[in-house]
Amino acid sequence: QPFESELWLSVIGVTLLSAILVMLVDFIVTGKRSTNIAEAFYHALAMLLGGEDQEWISWPGRVLRLGMLFVVLIVGATYTANLAAFLTRPA
Numbered sequence: 006q007p008f009e010s011e012l013w014l015s016v017i018g019v020t021l022l023s024a025i026l027v028m029l030v031d032f033i034v035t036g037k038r039s040t041n042i043a044e045a046f047y048h049a050l051a052m053l054l055g056g057e058d059q060e061w062i063s064w065p066g067r068v069l070r071l072g073m074l075f076v077v078l079i080v081g082a083t084y085t086a087n088l089a090a091f092l093t094r095p096a
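No gaps in the numbering here: position 54 of the sequence shown is 59 in the working numbering, and each next residue is one more.
Put into structure tokens, the structure is as follows:
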């Protein structure tokens, strides 16, 4: 397998952490809690899958988005490299 189960759990943990950070950044910028946990998890999962459509107006939100997109880049590259090594390994 290209990824072990611990790494998949780490990816899920990072997604949940980024959902909490989405809520926190939204609260800091707007001064009120306008995003619930379901919406925040949706945006974090959409960021992970590359289909995020929310416009990040504030700088903390943009930095959070860039950080999460960097995580997506690293996870995608690592998965591709591990899968290629797994498939080309002699039997």
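From the three backbone atoms N, C-alpha and C, an ideal C-beta is built for every residue, glycine too.
{"Check": "For R38, collect the residues of the same chain with a Cβ closer than 8 Å to its Cβ; drop the 5 residues on either side in sequence, then sort them by chain order.", "Outcome": "M28, D31 and F32"}
{"Check": "Alpha carbon to alpha carbon, what distance is there between A96 and L69?", "Outcome": "43 Å"}
{"Check": "Buried or exposed: which applies to A51, given that a residue is buried once 16 or more other Cβ atoms fall within 10 Å of its Cβ?", "Outcome": "exposed"}
{"Check": "Quick one: Cα of L101 to Cα of H48, how far?", "Outcome": "Residue coverage of the chain in this structure runs from 6 to 96, which leaves residue 101 outside it and unanswerable."}
{"Check": "Quick check: the stretch 15-23 against the stretch 68-83, are there 3 or more CB pairs under 8 Å?", "Outcome": "yes"}
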